[in-house]
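Chains P and Z, in that order, are what the protein sequence lines are. Its first residue numbered 1, the first sequence is counted upward by one per residue in my numbering. Its first residue numbered 1001, the second sequence is counted upward by one per residue in my numbering.
Protein chains: 2
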Amino acid sequence: MTDTLDTLPTPCLILDRAILRRNVRRITERLKPADVQLRPHLKTAKSVEIGRMATAAFDGRITVSTLAEARYFAAGGFRDILYGVGIVPSKLPAVTAIRREGVNLRIVTDNLPVARAIADAAAAGDSFSVFIEIDSGAGRAGLPFPELPGLVDIGRVLHDAPNVELAGVMTHAGHSYHESTPAGIARVAEQERLAVVTAAETLRAAGLPCPIVSAGSTPTAMHARSFEGVTEMRPGVFVFNDLDQAGIGSCGAGDLALSVMASVIGHYPHRNQLLIDAGALALSKDISAQEFMPKAGYGFIKDAPVKDLAVVACSQEHGFVQADQPLPYDKLPIGSRVRIWPNHACITAAAYDRYHVVDSEESDGRTIVATYDRINGW
Amino acid sequence: MTDTLDTLPTPCLILDRAILRRNVRRITERLKPADVQLRPHLKTAKSVEIGRMATAAFDGRITVSTLAEARYFAAGGFRDILYGVGIVPSKLPAVTAIRREGVNLRIVTDNLPVARAIADAAAAGDSFSVFIEIDSGAGRAGLPFPELPGLVDIGRVLHDAPNVELAGVMTHAGHSYHESTPAGIARVAEQERLAVVTAAETLRAAGLPCPIVSAGSTPTAMHARSFEGVTEMRPGVFVFNDLDQAGIGSCGAGDLALSVMASVIGHYPHRNQLLIDAGALALSKDISAQEFMPKAGYGFIKDAPVKDLAVVACSQEHGFVQADQPLPYDKLPIGSRVRIWPNHACITAAAYDRYHVVDSEESDGRTIVATYDRINGW
Chain P
1 MTDTLDTLPT
11 PCLILDRAIL
21 RRNVRRITER
31 LKPADVQLRP
41 HLKTAKSVEI
51 GRMATAAFDG
61 RITVSTLAEA
71 RYFAAGGFRD
81 ILYGVGIVPS
91 KLPAVTAIRR
101 EGVNLRIVTD
111 NLPVARAIAD
121 AAAAGDSFSV
131 FIEIDSGAGR
141 AGLPFPELPG
151 LVDIGRVLHD
161 APNVELAGVM
171 THAGHSYHES
181 TPAGIARVAE
191 QERLAVVTAA
201 ETLRAAGLPC
211 PIVSAGSTPT
221 AMHARSFEGV
231 TEMRPGVFVF
241 NDLDQAGIGS
251 CGAGDLALSV
261 MASVIGHYPH
271 RNQLLIDAGA
281 LALSKDISAQ
291 EFMPKAGYGF
301 IKDAPVKDLA
311 VVACSQEHGF
321 VQADQPLPYD
331 KLPIGSRVRI
341 WPNHACITAA
351 AYDRYHVVDS
361 EESDGRTIVA
371 TYDRINGW
Chain Z
1001 MTDTLDTLPT
1011 PCLILDRAIL
1021 RRNVRRITER
1031 LKPADVQLRP
1041 HLKTAKSVEI
1051 GRMATAAFDG
1061 RITVSTLAEA
1071 RYFAAGGFRD
1081 ILYGVGIVPS
1091 KLPAVTAIRR
1101 EGVNLRIVTD
1111 NLPVARAIAD
1121 AAAAGDSFSV
1131 FIEIDSGAGR
1141 AGLPFPELPG
1151 LVDIGRVLHD
1161 APNVELAGVM
1171 THAGHSYHES
1181 TPAGIARVAE
1191 QERLAVVTAA
1201 ETLRAAGLPC
1211 PIVSAGSTPT
1221 AMHARSFEGV
1231 TEMRPGVFVF
1241 NDLDQAGIGS
1251 CGAGDLALSV
1261 MASVIGHYPH
1271 RNQLLIDAGA
1281 LALSKDISAQ
1291 EFMPKAGYGF
1301 IKDAPVKDLA
1311 VVACSQEHGF
1321 VQADQPLPYD
1331 KLPIGSRVRI
1341 WPNHACITAA
1351 AYDRYHVVDS
1361 EESDGRTIVA
1371 TYDRINGW
């Protein structure tokens, strides 16, 4: 018997494929005319099926955030994979094992001793493809722009090492998540572009190669006014979108492809609340969206019978649902099902081993038309 | 070759079995003299091995928070399992499937329509064992004390149904987590005891059975001054403890059995930070401990070379580590390993499929002496 939204055990993760396809189409239409490749960050989707859909219009390059993802996507046929978290020497043998399968698993550093360790490992016979990471203002990893301290030294150590390809420079404008207008995001996008293009030019001026100039977050990919000098973008959450992205204006309210389905398990009229069977594990404790959407809690209820019905608190397997006005308990009886828009899709999805796929265009949006697996862990 | 803390891939979850055993011994020594059974809430550990250790001195009854846990522990030989999240009718067939394997999987409700649905399902031939949930002040699930609205009606529907056992009453004083002194926790523990014992007496006064009177959280199990009338306690996090428990005084600093091991992946002296490869997924975004330990961030670094070295921010796979004083980068070189005390162990552990077990008494505390699996998902 085919499952539907009425028969799946709760909590579970529901993906609307029609919205996913629209989201992919939108980013494709942004990047294609600018002749920029998409290297989607599949840390969000962690799914071979979704990776294939996201890259269908491009050359198949992808980004991952763990070696477990690298192995999984390699097994799924992807051949150009950037492992986007700063490498440490103890992980090089695992990188080599994947590269020996014919996969160009590329790595990242912003550190001279690590560059030397890569050169040493390469001298022993292993080959590597390495990006240098640039901090374009997010204050996370990378050589801070505009100083770019040590950039050329790191580039030279890598380029001079036998069996090492200096693949290029990469950055991630994570601070775009703290802007809430297209103009604000566009300003961050320009910082991101300027930082990574300047780094590339600095390497080239020193006689070093820099074939790939890689930037990107979902907000900057959506709102950048220029990609000049950038060769690829690495947005991740664009495939699903979430309340956080809606709050900052990266997407519209109809662009959220992912939801958690839960059952109503208790009515508490004396405190105007109800409980659902999706709590801290099913939704995550990420509250990013509250920055620009204070009532988002741990997620808004989709198609709710009252305004701003949200999960306002979570314990491990209980979600507390509340609104400003009296709850219409008759419309949300015990055992009825609700869908929650995730606050931050990347973190919420990580609790699940699969997507239950519906399609609101090709099907009725309630029948499960496919199941996609996911790779979690490290 | 035997793995050690120096060879495991990071991030990973490390469990010190010696501390776990001490934690189990401590709760055993609290409950045994009071003739109270331990029904540990295995939503924290989600491990058959740990479940066996926790119940070794008792009769083997346990609590779980998902049907996936119920199936897993049933397969592991446990025969008296309380599924502690309010049941909905659509889950009854899954409960029955487990019960038919010879497992007394007990369920919970606080709702008359659900009690009637259970009675209806039982009339069709399935048997059930049901607890009525009481809200002793936490404001989560349960009939609120002291009103206990509908308690006897629910009890009577269940007791009168063929094939249904009214197993008793249960409560969880989750508000004990917001006290930070033994006296404060003891006060909550007394509320918890009074609420559930009063509910039991109310049922008995109405001529209904109430064999099991179940209470418990780790703080109240540790600090209750009386268990009179309570027949079992259901603490969960006591097996591991965490910064949250240390902050409220449920345990001491030496009682934390669980840590996340991560690698230092970047140095950022211009902002007095370093990065590790454990972020929002490896640590969780739970910040419960900050209520009484404002500097805990997403976790303190164990055995740190400077005071209050903590993970102060997280993105998906990056943890930002900082302290009030200058970081001694020479003592934390790139590639070196740190262990992070989790803020809230139950939520952190849920990202991992296994525990790497060390033993700081029977072994050197660095050699992996065992691996325990975990059951995640639903």
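Ideal Cβ placement from N, Cα and C applies to all residues, glycine included.
Problem set entry | Start-end ranges of the alpha helix (DSSP H) lying completely within the stretch 1226-1287 of chain Z, minimum 4 residues | 1243-1248, 1280-1283
Exercise. Can you tell me whether DSSP reads Met1053 (chain Z) as helix, strand or coil?
Worked result: helix
Exercise. Counting along the chain, where does the beta strand (DSSP E) carrying Thr202 (chain P) start and finish?
Worked result: It is not in any beta strand (DSSP E) - Thr202 (chain P) instead sits in the alpha helix (DSSP H) that spans 182-205.
Exercise. At a CB-CB cut-off below 9 Å, which residues of chain Z make contact with Gly229 (chain P)?
Worked result: In chain order: nothing, as chain Z lies at least about 25 Å away.
Exercise. Within 7 Å (strictly less), CB to CB, does Arg1140 (chain Z) reach chain P?
Worked result: yes
Problem set entry | Opposing strand residues paired with Asp135 (chain P) [DSSP bridges] | P:Pro144
For this session: Look at the alpha carbon of Asp255 (chain P) and the alpha carbon of Val1048 (chain Z), and state the distance between them as a whole number of angstroms.
Result: 42 Å
Exercise. Cβ of Gln1316 (chain Z) less than 7 Å from any chain A Cβ?
Worked result: Absent from the structure: chain A. Protein chains present are P and Z.
For this session: Thinking Gly150 (chain P) and Thr171 (chain P) are a contact (beta carbons under 8 Å), I'd like their distance in whole angstroms, please.
Result: Not confirmed; about 16 Å, so no contact.
Exercise. If you run the structure through DSSP and keep just helix, strand and coil, what is Met222 (chain P)?
Worked result: helix
Problem set entry | Proximity winner among P:Glu361, P:Ile368, P:Asn272, relative to Leu327 (chain P) (alpha-carbon distances) | P:Asn272
For this session: Identify each residue in the stretch 1319-1353 of chain Z for which the Cβ-Cβ distance to at least one residue of chain P is less than 8 Å, and report them in chain order.
Result: Phe1320, Pro1333, Ile1334, Gly1335, Cys1346, Ile1347, Ala1350, Ala1351, Tyr1352, Asp1353
For this session: Sort out for me which residues DSSP pairs Gly1299 (chain Z) with in a bridge.
Result: Z:Pro1342
Problem set entry | DSSP bridge partner residues for Phe1462 (chain Z) (one or two, in chain order) | Residue 1462 (chain Z) lies beyond the residue range present for chain Z, which begins at 1001 and ends at 1378; the question has no answer from this structure.
Exercise. With a CB to CB cut of under 6 Å and the five nearest residues on each side skipped, what residues in its chain are close to Ala18 (chain P)?
Worked result: Asp359, Ser360, Glu361
Exercise. For Leu1166 (chain Z), which of helix, strand or coil comes out of DSSP?
Worked result: strand
Exercise. If you measure from the CB of Gly1076 (chain Z), is any heavy atom of the ligand FMN nearer than 6 Å?
Worked result: This structure lacks the ligand FMN, and indeed carries no ligand of any kind.
Exercise. Under the DSSP definition of a beta bridge, which residues are partnered with Asp153 (chain P)?
Worked result: DSSP, once it has assigned bridges, lists no residue as partnering Asp153 (chain P).
Exercise. Is the CB of Ser65 (chain P) under 7 Å away from at least one CB in chain Z?
Worked result: yes
Exercise. Apart from the five residues just before and just after Arg99 (chain P), which ones in its own chain have a Cβ nearer than 7 Å to its Cβ?
Worked result: Leu105, Ser127
Problem set entry | Close beta carbons around Ile1185 (chain Z), own chain, < 6 Å, minus the five adjacent residues each side | Ser1176, Glu1179, Pro1219, His1223
Problem set entry | DSSP three-state assignment for Asp1059 (chain Z), whether helix, strand or coil | coil
Exercise. What does a CB cutoff of less than 8 Å around Asp1277 (chain Z) pick up in its chain, not counting 5 residues either side in sequence?
Worked result: Thr1010, Pro1011, Ala1262, Ser1263, Ile1265, Glu1317, His1318, Gly1319
Exercise. Per DSSP, which one or two residues make a beta bridge with His1159 (chain Z)?
Worked result: In DSSP, His1159 (chain Z) forms no bridge with anything.
Problem set entry | Partner residues on chain P for Leu1005 (chain Z), Cβ-Cβ distance less than 9 Å | In chain order: nothing, as chain P lies at least about 12 Å away.
For this session: Give me the Cα-Cα distance between Phe238 (chain P) and Leu1112 (chain Z), rounded to the nearest whole angstrom.
Result: 44 Å
For this session: Have a look at the DSSP bridge pairing and note the partners of Asp80 (chain P).
Result: P:Asn104
Problem set entry | Best match in Z:Gly1365, Z:Ala1351, Z:Ala1350 for proximity to Val1357 (chain Z) [C-alpha to C-alpha] | Z:Gly1365
Exercise. Where His1041 (chain Z) and Gln290 (chain P) are concerned, what is the direct C-alpha to C-alpha distance, given to the nearest angstrom?
Worked result: 31 Å
For this session: Run down chain Z in chain order and give the residues with a C-beta less than 8 Å from the C-beta of Ile265 (chain P).
Result: Val1085, Gly1086, Ile1087, Val1088, Ala1141
For this session: Measure the Cβ-Cβ separation of Tyr355 (chain P) and Leu8 (chain P) and say whether it is below 7 Å.
Result: no
Problem set entry | Contact belief for Ile107 (chain P) with Ala199 (chain P) at Cβ below 8 Å, rounded distance in angstroms | Not confirmed; about 17 Å, so no contact.
For this session: Please state whether DSSP places Leu15 (chain P) in a helix, a strand or coil.
Result: strand
Exercise. What residues from chain P crowd round Arg1271 (chain Z), counting only those whose CB sits closer than 9 Å?
Worked result: Gly139, Pro144
Exercise. Where do the N-terminal and C-terminal ends of the beta strand (DSSP E) with Val1357 (chain Z) fall, by residue?
Worked result: 1354-1358
Exercise. With 7 Å set as the bound, which would you pick, yes or no: does the beta-carbon of Leu1281 (chain Z) sit closer than that to a beta-carbon of chain P?
Worked result: yes
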